[in-house]
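Student: Start counting the sequence shown at 0; every next residue gets the next number (numbering that gives the first Met the number 0).
Where a beta carbon is used, it is the ideal one built from N, C-alpha and C, also for glycine.
Below you'll find the structure I mean.
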Amino acid sequence: MNVMSYINRIDQTDPYKRYGKVLRAVGLMIESLGPDVRLGEVCYIHPVKQDKKPVLSEVVGFDEEKIILMPYAEVSDIGPGCIVEASGDPLTIKIGRGLIGKVLNSLGTPLDGTPLAKGLASFQTERTPPNPLSRAPIKEPVQVGVKAIDSLLTVGKGQRIGIFAGSGVGKSTLLGMIARNSSADINVIALIGERGREVREFLENDLGEEGLAKSVVVAATSDQPALMRIKGAYTATAISEYFRDQGFHVNLLMDSVTRFAMAQREVGLATGEPRRRRDTPQACLPICRNSWNEREQVTVVQSQLFIRCLLMAMI
């Protein structure tokens, strides 16, 4: 028996639970006095009615001694004095090969209500990008399965490309074609800010059973809070990084990065972040990161709405 592993686990365990209480809720924000937390840490807000489940929320800022929280879901029965419990960890999801063929929400929970497979690994959704000097140059082409792209606009393994077009002209259809026909081992598809009906149509008409069989889909629809739409992108990126570490060539497909930026803008303005030119906060700028290690790479394909007023706001 390896006793040291148990001793180390005890040393890393926090024997004390940290609590605070809600002071007020304004718009998207919930302010609390305590607990002792870090930026990005997940907290549980216990509703007034004890028979309801605690509300998951994330620490997004501080105002002197007050903690600024943003919930992952619509809240009800939350009022002044409600208990806020710190978890001690940032958002962590379960990842493994059992996710292939699943449609998940931003927290990694299957949308069809089926339980997750056992033996999945815990993975933080937000990780440090790799060192620029560790990135290898893009040398090997990848077949996306679309002849017009493979012949005239070759994509390299590990490259990040954008699909710029207006709404309703076929961006999602093209992403579905790439997911079905690409030479990549696994597709991780992030549907950010789509309407609920469009998610079903993409799965059935664009992706199909053939594409879903080698894909993991993360859906954060437009009716969900802005924080959930942001976390959907990071959850999909974390899943792609996990499979990359397992030696797979992964396609990370995001539809759309524009709505992700809109969600970042919504959160940034709600937390009081200083506005930049055209009312665009700093949070909109670092939209997505590319991933690489010495074994395999992640090829990133992002669709972006080509809207004149949006592009002007991002300048």
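Is the number of C-beta pairs between the segment 147–162 and the segment 220–229 that are closer than 8 Å three or more?
Tutor: No, because fewer than three Cβ pairs between the segment 147–162 and the segment 220–229 fall closer than 8 Å, the two stretches do not touch.
Student: List, from N- to C-terminal side, the beta strand (DSSP E) runs of 3 residues or more that fit wholly inside the segment 31–112.
Tutor: Qualifying beta strand (DSSP E) stretches, in chain order: 40–44, 54–62, 65–70, 82–89, 91–94.
Student: Helix, strand or coil for Y15 per DSSP?
Tutor: It is coil, neither helix nor strand.
Student: Which stretch, first to last residue, makes up the alpha helix (DSSP H) that contains A232?
Tutor: From DSSP, the alpha helix (DSSP H) with A232 extends over 225–244.
Student: Can you tell me the Cα-Cα spacing of G231 and M3, whole angstroms?
Tutor: For G231 and M3, the distance between alpha carbons rounds to 37 Å.
Student: Would you mind listing the beta strand (DSSP E) stretches within the segment 111–149 that are 3+ residues and don't spill past its ends, in chain order?
Tutor: Listed in chain order, they are 120–123.
Student: Distance, Cα to Cα, L202 vs L211?
Tutor: If you take the alpha carbons of L202 and L211, they lie about 8 Å apart.
Student: How many angstroms separate the CA atom of I29 from the CA atom of D111?
Tutor: Whole-angstrom Cα-Cα distance: 30 Å.
Student: What's the gap between the Cα of A147 and the Cα of E125?
Tutor: The alpha-carbon atoms of A147 and E125 are separated by roughly 35 Å.
Student: So, with DSSP's three-state summary, where would you put Q296?
Tutor: Correct three-state label for Q296: strand.
Student: Select from G33, P70, K213, I191 the residue whose C-alpha is nearest the C-alpha of G80.
Tutor: Checked all of G33, P70, K213, I191; the closest Cα to G80 is G33.
Student: Measuring only the C-alpha atoms, how far is E57 from S166?
Tutor: Each residue's alpha carbon lies about 32 Å from the other.
Student: For I137 and L98, what's the separation of their Cα atoms in angstroms?
Tutor: So the two alpha carbons sit approximately 28 Å from each other.
Student: Taking buried to mean at least 16 other C-beta atoms within 10 Å of its own C-beta, is T172 buried or exposed?
Tutor: Under this definition T172 is an exposed residue.
Student: Going by alpha carbons, who is nearest to K101 out of L251, V216, H248?
Tutor: Looking at the Cα atoms, V216 is the closest of the given residues.
Student: Buried or exposed, going by whether 16 or more other CB atoms sit within 10 Å of the CB of E40?
Tutor: The residue in question, E40, is buried, as its Cβ has 16 or more Cβ neighbours within 10 Å.
Student: Tell me the residue span of the alpha helix (DSSP H) that contains R258.
Tutor: Start and end: 256–269.
Student: Return the CA-CA distance between F247 and L55, expressed in angstroms with no decimal places.
Tutor: Each residue's Cα considered, the two are about 32 Å apart.
Student: Measure from the alpha carbon of E209 to the alpha carbon of each residue in R179, P89, C42, L132, then state which is nearest.
Tutor: Checked all of R179, P89, C42, L132; the closest Cα to E209 is R179.
Student: Might you give, ordered along the chain, the residues of its own chain that have their beta carbon closer than 7 Å to the beta carbon of K16, omitting 5 neighbours on each side?
Tutor: If we look at K16 and ignore the five residues flanking it on each side, its Cβ neighbours are E84.
Student: Nearest-angstrom Cα distance between V141 and L22?
Tutor: Distance between the alpha carbons of V141 and L22: 53 Å.
Student: Which value, in whole angstroms, describes the spacing of the CA atoms of T234 and L190?
Tutor: So the two alpha carbons sit approximately 11 Å from each other.
Student: What does R159 pair with, by DSSP beta-bridge criteria?
Tutor: Paired residues: V299.
Student: Within the 8 Å Cβ cut-off, does I137 reach chain D?
Tutor: Chain labels in this structure do not include chain D; a single protein chain is all it has.
Student: Mapping the DSSP letters down to three states, classify R194 as helix, strand or coil.
Tutor: The answer is coil: DSSP assigns R194 none of H, G, I, E or B.
Student: So who's on the other strand from R23, going by DSSP bridges?
Tutor: In the DSSP output, where bridge partners are listed per residue, R23 has E30.
Student: Does the separation of the CB atoms of S302 and K170 fall below 8 Å?
Tutor: Against a cut-off of 8 Å, the Cβ pair of K170 and S302 comes out as a contact.
Student: Is L251 helix, strand or coil when you go by DSSP?
Tutor: Of the three classes helix, strand and coil, the one that applies to L251 here is strand, per DSSP.
Student: For G207 and M176, which I take to be in contact (beta-carbon distance under 8 Å), what is that distance rounded to the nearest angstrom?
Tutor: Rounded, the Cβ-Cβ distance is 10 Å, inconsistent with contact.
Student: Confirm, please, whether the CB-CB distance from G192 to R258 is below 8 Å.
Tutor: Closer than 8 Å, so yes.
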